[in-house]
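Structure record follows, encoded as structure tokens.
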Amino acid sequence: MSRVHLVLNAGSSSLKFQVFLDDGADVPNRLYRGLFEGLGTDPHFRVTDHDGAPAGEERWPGQGAFGFEEALAHLSDWLGAHRGGHQLAAVGHRVVHGGPHFAHAVRLTPEIIAELDTLSPLAPLHQPRSLEPIRIIARRVPGLPQVAAFDTAFHHTQPEMARLFAIPQSLTDAGVRRYGFHGLSYAYLASQFPKVDPRLAHGRVVAAHLGNGASLCGYDAGRSIATTMGFSALDGLVMGTRSGAIDAGVVFYLQRELGMSADEAEHFLYTQCGLLGVSGLSNDMRVLREAADADPGARRAIDLFVYRIARETGSLMAALGGIDALVFTAGIGENDAETRAEVIGALRWAGFELDAEANRAGATRITRGEGPQAYVIATDEEWTIVREMRAVLGAETAH
Ligand code: AMP
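Numbering follows the numbering used here, with no gaps: position 189 of the sequence shown is 191.
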């Protein structure tokens with residue numbers, strides 16, 4: 003029976019998980035990755051070994067009542083029975099919002115869980131979902147250590163100007179400010195900068211997390227100084243189904259002229275816009291690339307995606323006072339050479355010079371010349387969570 007650390011990432015209808023050996027190693031030793039998807043409709047469980055080989059799969063067709071509770075019970079049974087059995091030593095959770103106060107991961111107690119619940123109005127679609135598995139585990143296995151790692155925490159180093167909206171101070175004090183998200187991904191990238199190139203660790207860097215959600219982060223010597231997501235994960239770049247930055251006047255228009263309620267307008271901007279809304283075809287970049295030659299909507303969606311990335315990179319360059327390097331990550335950033343080439347092409351004015359061959363071949367550095375350089379680094383949010391969890395629990399034992 004080996005002791006393991008479980009990392010959970012709860013989505014709207016999915017529960018992703020990864021399992022790491024609790025062996026005290028400095029580099030986390032990953033055993034499994036898996037997920038439950040279709041929760042609430044047609045649940046489906048899939049898990050692979052660290053090398054990607056299938057390790058388990060199960061389906062519960064039509065079982066709408068199968069939710070987080072059932073998923074966690076199934077996962078616990080699976081871990082107990084698989085390969086001589088694994089015993090849970092601790093659980094780390096991705097929690098979307100840490101609010102103004104949580105600048106680091108934290109050990110979860112009933113008081114902290116209640117405090118995190120008070121942040122739900124700041125992220126109504128995500129925060130309650132993040133807290134559900136935490137509560138279920140606290141009830142089922144009360145003594146098991148649980149730690150929350152926040153998507154907002156990495157951005158606590160930002161200067162005041164990067165955080166403020168131009169609104170009365172009383173509203174700012176009530177928490178209406180820019181927080182930024184994707185922090186677990188940006189923290190992972192920062193941890194890799196020294197290994198990839200010292201320029202990244204010491205310089206002015208813009209990282210582009212381009213997945214279904216998308217944002218940019220400006221780093222000065224590895225610390226976040228500005229980011230494109232703000233009060234919510236709706237701000238900034240064009241995303242798979244989210245609009246990104248939009249004039250607040252459009253929200254009033256949706257309500258007044260189209261008769262949407264606040265909830266409907268929110269749902270619309272999160273799920274019907276972005277690449278999907280502009281193309282009228284798909285939120286999936288692979289589908290859009292496939293269609294782009296023949297379908298003007300797909301081409302327009304891609305062009306707007308790239309245009310906004312280049313324009314927001316310029317904005318972060320102004321905040322950083324220049325740029326030494328650009329980093330691409332996440333589903334599109336890591337896999338779509340065409341998007342990378344188009345973004346770098348749009349940033350030629352800043353001195354970037356694409357190395358087309360390196361870009362196509364999937365090299366780490368994809369530019370050449372004397373100007374700023376661009377890199378591709380695969381992100382790993384779960385690695386950040388397990389490292390932060392170990393730091394929190396290790397610090398407790400040290401006291
Ligand atoms: P993520 O949210 O990080 O999983 O990223 C999802 C996005 O990455 C989707 O738009 C996918 O179409 C895109 N993606 C994944 N693989 C590729 C690929 N090989 N080429 C282009 N886009 C990809």
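Where is the CB? At the ideal position from N, CA and C, for every residue including glycine. Since the structure is predicted, the reported quantities are computational estimates derived from the model, not experimental observations.
Span of the alpha helix (DSSP H) around residue 1: Residue 1 cannot be examined here, being either before or after the span of the chain that is shown, 3 to 401.
Residue 148 - containing alpha helix (DSSP H), residue span: Within the sequence shown, the letter at position 146 stands for residue 148. Here residue 148 belongs to no alpha helix (DSSP H); instead the beta strand (DSSP E) covers 148-152.
Neighbourhood of residue 122 by C-beta, 7 Å cutoff - its chain only, sequence neighbours within 5 removed: Mapped onto the sequence shown, residue 122 falls at position 120. Closer than 7 Å at Cβ, skipping near neighbours: 129, 130.
Looking at the strands, I want to know which residues DSSP matches up with residue 34. Indexing the sequence shown from 1 puts residue 34 at position 32. Paired residue(s): 21, 51.
Quiz: which residues have CB nearer than 5 Å to the ligand NAD non-hydrogen atoms: Questions concerning the ligand NAD fall outside what the structure shown contains, since the ligands it does hold are the ligand AMP.
Exposure of residue 385, with buried meaning 16 or more beta-carbon neighbours within 10 Å: Residue mapping note: residue 385 aligns to position 383 of the sequence shown, counting from 1. It is buried - the Cβ of residue 385 has at least 16 other Cβ atoms within 10 Å.
Where do the N-terminal and C-terminal ends of the beta strand (DSSP E) with residue 225 fall, by residue? As a first step, residue 225 is located in the sequence shown; it is residue number 223 there, counting from the start. Bounds of the beta strand (DSSP E) holding residue 225 are 225-229.
Measure the alpha-carbon distance for residue 349 versus residue 359 and round it to whole angstroms. On the sequence shown, position 347 is the one that residue 349 refers to. On the sequence shown, position 357 is the one that residue 359 refers to. Cα to Cα, residue 349 sits roughly 18 Å from residue 359.
Would you call the segment 334-347 and the segment 181-188 touching, i.e. three or more CB-CB distances under 8 Å? No: fewer than three Cβ pairs fall under 8 Å.
Confirm, please, whether the CB-CB distance from residue 70 to residue 115 is below 7 Å. The residue given as residue 115 occupies position 113 in the sequence shown. The residue given as residue 70 occupies position 68 in the sequence shown. In this structure, residue 70 does not lie closer than 7 Å to residue 115 by Cβ.
For residue 415, which residues in the same chain have their Cβ closer than 8 Å to its Cβ, ignoring the five residues on either side in sequence? Residue 415 falls outside the range modelled here, since the chain spans only 3 to 401, and no answer is possible.
Considering just the uninterrupted stretch of the beta strand (DSSP E) at residue 143, what are its terminal residues? On the sequence shown, residue 143 is found 141 positions in, with the first residue counted as 1. Residue 143 -> no beta strand (DSSP E), and no H or E assigned at all.
On the three-state DSSP scale, how would you describe residue 330? Translated into the one-based positions of the sequence shown, residue 330 becomes position 328. Strand.
Whole beta strand (DSSP E) runs in the segment 273-348 with 3 or more residues, listed along the chain? 327-331
According to DSSP, is residue 220 helix, strand or coil? The residue labelled residue 220 in the question sits at position 218 within the sequence shown. Residue 220: strand per DSSP, three-state reduction.
Considering only the alpha carbon of each residue, which of 25, 35, 7 lies closest to residue 19? The count along the sequence shown starts at 1 and reaches residue 19 at position 17. For residue 19, the nearest C-alpha among the options comes from 35.
On the three-state DSSP scale, how would you describe residue 122? By one-based count along the sequence shown, residue 122 stands at place 120. Helix at residue 122.
Quick one: grab the DSSP three-state call for residue 46. For the purposes of this step, residue 46 is identified with residue 44 of the sequence shown, where counting begins at 1. Reduced to three states, the DSSP call for residue 46 is strand.
Throw me the rounded Cβ distance for the residue 408 and residue 375 pair, which I believe falls under 8 Å. Residue 408 lies beyond the stretch modelled for the chain, which goes from 3 to 401, so this question has no answer here.
Measuring only the C-alpha atoms, how far is residue 247 from residue 308? Along the sequence shown, one-based indexing puts residue 247 at 245. Along the sequence shown, one-based indexing puts residue 308 at 306. Taking the straight line from one Cα to the other gives about 14 Å.
Spatially closest choice to residue 156 from 176, 344, 97, by CA coordinates: Taking the first residue of the sequence shown as 1, we reach residue 156 at position 154. It is 97.
Is it true that the CB of residue 312 sits closer than 7 Å to the CB of residue 228? Position 226 of the sequence shown, counting from 1, holds the residue named residue 228. Position 310 of the sequence shown, counting from 1, holds the residue named residue 312. Their beta carbons are not under 7 Å apart, which means residue 228 does not touch residue 312 by this criterion.
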